[in-house]
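A.B. asks: Could you have a look at this structure, given as structure tokens, before my questions?
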Amino acid sequence: MKILFAASEMYPLIKTGGLADVAGALPDALLNAGAEVRVVLPSYRGVVEQLDSVEELISLGDIGLSPAVGEVKVLQGTLSSLKTIIWLIDCPAMFERDGGPYQDENGEDWEDNMLRFALFSKAIAMLGVMGEQSGWQPDIIHLNDWQTGMVAAWLHSWNVQQPKTVFTIHNLQYQGVFPAESLARIGLPQELYSIDGLEYYGQISFLKAGLYYANQITAVSPSYAQEIQSAEMGMGLEGLLRSRRESLCGILNGVDSVQWNPATDRVLHTNYSKNSLAKRLQNRNELKARIGLRDGQGPLFGLVSRLTSQKGIDLFVEAAPALLNAGAQFAVLGSGDSDLESALLQLAREWQGEFAVEIDYDESLAHLFMAGSDLLLVPSRFEPCGLTQLYALRYGALPLVRRTGGLADTVDKQSGFLFENIDSGELQECMFTALNSYRDSLQSGSGEWEQRQQYAMEQEFGWGKSAQNYIECYRALGADLIE
């Protein structure tokens, strides 16, 4: 079973969100389960330099986009922290630039994203049929999000039966929508521009390409796989998803249990386990000192998130003041919408020493947030899977979440706190429930809070189970492990 795992980002090489964490962990878990795996991603600036060894695998030449972008090469390398071999799609005109994978240094989308990820997708599709030249023929190409969706369209247009494709939806909101005339520029036949194809409300959607043409679709949690078939959550694609429901399933993401382990985490002030929770308090003190919070009776609510309305940050801004008046403290780490950033910074000014905000994303500080917070807030409007609540469980920060998507699949009433509706009042009520539970346990000396922490830390969301589920998905498409 040979799997070519295609993603636009991969930890630790390049990361903007949870997709990178998945691409950095799932391929190795698949390899441990017996599959042969290659990961393919763009050769962004700075990526090659992080690899331990790099060589040219194959030249794809000028792959026929308009305007021409020069020679496209495939590089092969390794990384000491991963077992999986890495392939890079090397095209300096498209990927060798300052800024991020999708946006420039000013946070604006690259104007040529259509061409960039059309090239990335076509190169992957070519690798799928060039096993003789590359020396490695995949049975399955595993696609992730809109940046790789066109792979399935190219294979369809070439009438290729092998390799099969699996398309994973990490977030249906990001759809890769571009003008209809883009089709001619990237070399796909015009007949694909139809409702039964790439057409999406008068434009084309790279995401729809994956949903329509892939052999199998997965979403990153069972609940999300159901939710996206509804008008409320389907983002205009619910009809297509319902029509493909027999080929759609939900598989939970996992946690890298080596990278996220409070007993061995090198960035923590003090390591601890479920059997030494007293040591955890030293991380709480360190977090408060780092971000400028006073000593307090708590609880300390942490929030590590993109600061967007999807993540429910506006609900949090409305709910927080009443909790601050009741003695709760808050620590926020993230960046996003400028209006929400401003609202959070205003709360920090009004509640200096009780409400702290870091407008940034710092991986090591995120680990300390998990180890130092009493609770972790995830009040999302929708959440395909969510990873922060899984990290929080491992570190004994009880998640407080809205019952949606992967949050509903991973947090229960013993391991955390849940509220139902997109409503700041409900969020506030749930936060007060958590605050009172924390204080009651502290004042009574019952140890109930510590018992809940231990239960949370015992929950198993490693990548092993997820990998086995994907292996079964690949098997259903005819791929099998070599005994």
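For reference, each letter of the sequence shown is one residue, going 179 to 661 in my numbering.
Ideal Cβ positions, reconstructed from N, Cα and C, are used throughout, including at glycine.
1) According to DSSP, is T611 part of a helix, a strand, or is it coil?
2) So what's K489 in DSSP terms, helix, strand or just coil?
3) Extract the residue ranges of the alpha helix (DSSP H) inside the segment 515–595, only unbroken runs of 4 or more that lie entirely within it.
4) Which residue wins for smallest C-alpha separation from H348, given the options A184, V495 and A397?
5) Between the C-alpha atoms of G414 and F356, what's the straight-line distance to the nearest angstrom?
6) To the nearest whole angstrom, what separates the beta carbons of I318 and I181, a pair I think is in contact under 8 Å?
7) With respect to the beta strand (DSSP E) encompassing Q394, which residues constitute its N-terminal and C-terminal limits?
8) Where DSSP assigns a beta bridge to W265, which residues make up the other side?
9) Assess contact between the segment 593–610 and the segment 492–511, defined as three or more Cβ pairs (one per stretch) separated by less than 8 Å. Is contact present?
10) Is the CB of N647 under 8 Å away from at least one CB in chain C?
11) Tell whether a beta-carbon distance below 8 Å holds between R617 and F597.
12) Here's the rule: buried if 16 or more other CB atoms are within 10 angstroms of the residue's CB, otherwise exposed. What is L659?
13) List the residues that DSSP assigns as beta-bridge partners of V721.
14) Is S644 near the ligand GDP, with its Cβ less than 7 Å from a heavy atom?
15) Could you pull the start and end residues of the alpha helix (DSSP H) that N210 belongs to?
16) Is there contact between the segment 441–450 and the segment 543–550, where contact requires at least three CB pairs shorter than 8 Å?
17) If you measure between the beta carbons of L321 and T346, is that distance less than 8 Å?
18) Using three-state DSSP, classify P725 as helix, strand or coil.
19) Curious, which full-length alpha helix (DSSP H) runs of at least 4 residues does the segment 285–322 contain?
20) Could you round the C-beta distance between T588 and L605 to whole angstroms and report it? I think they count as a contact, below 8 Å.
21) Enumerate in chain order the residues of its own chain whose CB-to-CB distance from D230 is below 8 Å, with the five nearest sequence positions on each side excluded.
22) State buried or exposed for K489, treating a residue as buried only when at least 16 other CB atoms are found within 10 Å of its CB.
23) Shortest alpha-carbon distance to A497 belongs to which of H545, A521, Q631 and L238?
24) Would you tell me roughly how many angstroms separate the C-alpha atoms of M272 and V247, rounded to the nearest one?
25) Would you list the residues sitting across from P270 in a DSSP beta bridge?
26) Work out the CA separation of G313 and M411 for me, nearest whole Å.
27) With a threshold of 16 other CB atoms inside 10 Å of the CB of A456, please say whether the residue is buried or exposed.
28) Let's test the definition: count the other Cβ atoms within 10 Å of the Cβ of N337 and tell me whether it reaches 16, buried, or not, exposed.
29) Quick check: what's the CA-CA separation for S244 versus I364?
30) Alpha helix (DSSP H) containing E628: first to last residue?
31) For W326, name the three-state secondary structure that DSSP assigns.
32) Identify, in the order they occur along the chain, each residue of the same chain with its Cβ nearer than 7 Å to the Cβ of A330, setting aside the five sequence neighbours on each side.
33) Name the two residues that bound the continuous beta strand (DSSP E) containing L481.
34) Within its chain, find whatever has a CB closer than 8 Å to the CB of I382; leave out the 5 residues flanking it on each side and keep chain order.
35) I'd like the span of the alpha helix (DSSP H) that includes G388, first residue to last.
36) Put K457 into one of helix, strand or coil per three-state DSSP.
C.D. replies: Result, derived from the coordinates:
1) Locating residue 611 in the sequence shown gives position 433, counting from the first residue. In the structure shown, T611 sits in a helix (DSSP, three-state: H, G or I).
2) Counting from 1 along the sequence shown, the entry for residue 489 is found at position 311. DSSP places K489 in coil when its eight states are reduced to three.
3) 516–528, 541–550, 566–573 and 583–588
4) For the purposes of this step, residue 348 is identified with residue 170 of the sequence shown, where counting begins at 1. Closest option to H348, Cα to Cα, is A397.
5) Residue mapping note: residue 414 aligns to position 236 of the sequence shown, counting from 1. Residue mapping note: residue 356 aligns to position 178 of the sequence shown, counting from 1. Cα to Cα, the separation comes out at about 16 Å.
6) The residue given as residue 318 occupies position 140 in the sequence shown. The residue given as residue 181 occupies position 3 in the sequence shown. 5 Å between Cβ atoms; contact.
7) The sequence position of residue 394 within the sequence shown is 216, counting from 1. Run containing Q394: Q394 to A397, per the beta strand (DSSP E) assignment.
8) The sequence position of residue 265 within the sequence shown is 87, counting from 1. W265 pairs with V218 and Q254.
9) yes
10) As a matter of chain content, chain C is missing from the structure shown, which is built from one protein chain.
11) In the sequence shown, residue 617 corresponds to position 439, counting from 1. In the sequence shown, residue 597 corresponds to position 419, counting from 1. Not in contact: R617 and F597 (Cβ atoms no closer than 8 Å).
12) Here residue 659 corresponds to residue number 481 of the sequence shown, with the count starting at 1. Result: exposed.
13) Nothing in the structure corresponds to residue 721, since the chain is present only between 179 and 661.
14) For the structure depicted, the ligand GDP is absent and the ligand set is empty, with no information on it obtainable.
15) Position 32 of the sequence shown, counted from the start, is the residue given in the question as residue 210. G196 to N210 is the span of the alpha helix (DSSP H), which, as asked, contains N210.
16) yes
17) The count along the sequence shown starts at 1 and reaches residue 321 at position 143. The count along the sequence shown starts at 1 and reaches residue 346 at position 168. Result yes, Cβ atoms of L321 and T346 sit closer than 8 Å.
18) This structure leaves residue 725 out entirely; the chain is present only between 179 and 661.
19) 291–306 and 309–312
20) Within the sequence shown, numbered from 1, the residue matching residue 588 stands at position 410. Within the sequence shown, numbered from 1, the residue matching residue 605 stands at position 427. About 18 Å; that fails the 8 Å criterion.
21) Walking along the sequence shown from the start, residue 230 turns up at place 52. Answer for D230: G255, T256, L257 and S258, listed in chain order.
22) Looking up residue 489 in the sequence shown gives position 311. By the neighbour-count rule (16 or more Cβ atoms within 10 Å), K489 is buried.
23) Here residue 497 corresponds to residue number 319 of the sequence shown, with the count starting at 1. Of the candidates H545, A521, Q631 and L238, the one whose C-alpha sits nearest the C-alpha of A497 is A521.
24) By 1-based counting over the sequence shown, the position of residue 272 is 94. By 1-based counting over the sequence shown, the position of residue 247 is 69. For M272 and V247, the distance between alpha carbons rounds to 7 Å.
25) The residue given as residue 270 occupies position 92 in the sequence shown. According to DSSP, P270 bridges with nothing at all.
26) In the sequence shown, residue 411 corresponds to position 233, counting from 1. In the sequence shown, residue 313 corresponds to position 135, counting from 1. So the two alpha carbons sit approximately 42 Å from each other.
27) Taking the first residue of the sequence shown as 1, we reach residue 456 at position 278. With fewer than 16 Cβ atoms within 10 Å of its Cβ, A456 is classed as exposed.
28) If you number the sequence shown from 1, residue 337 lands on position 159. Under this definition N337 is an exposed residue.
29) Numbered from its first residue, the sequence shown carries residue 244 at position 66. Numbered from its first residue, the sequence shown carries residue 364 at position 186. C-alpha separation (whole angstroms): 6 Å.
30) Walking along the sequence shown from the start, residue 628 turns up at place 450. Segment E626 to E636, the alpha helix (DSSP H) holding E628.
31) If you number the sequence shown from 1, residue 326 lands on position 148. Looking at the sequence itself, residue 326 is Thr, so the reference to Trp does not match. The answer is helix: DSSP assigns T326 an H, G or I state.
32) Start at 1 with the first residue of the sequence shown, and residue 330 comes out as number 152. So the qualifying residues of the chain are L321, T343, F345, A387, G388, Y391 and A392.
33) Residue numbering aside, residue 481 sits at position 303 when the sequence shown is read from its first letter. First-last of the beta strand (DSSP E) with L481: L478 to V482.
34) Within the sequence shown, the letter at position 204 stands for residue 382. Counting only Cβ-Cβ distances below 8 Å, and skipping sequence neighbours, we find V355, F356, P357, A358, S360, L361, Y371 and L376.
35) Against the sequence shown, residue 388 aligns to sequence position 210. First-last of the alpha helix (DSSP H) with G388: F384 to Y391.
36) Counting from 1 along the sequence shown, the entry for residue 457 is found at position 279. If DSSP states are grouped into helix, strand and coil, K457 belongs with the helices.
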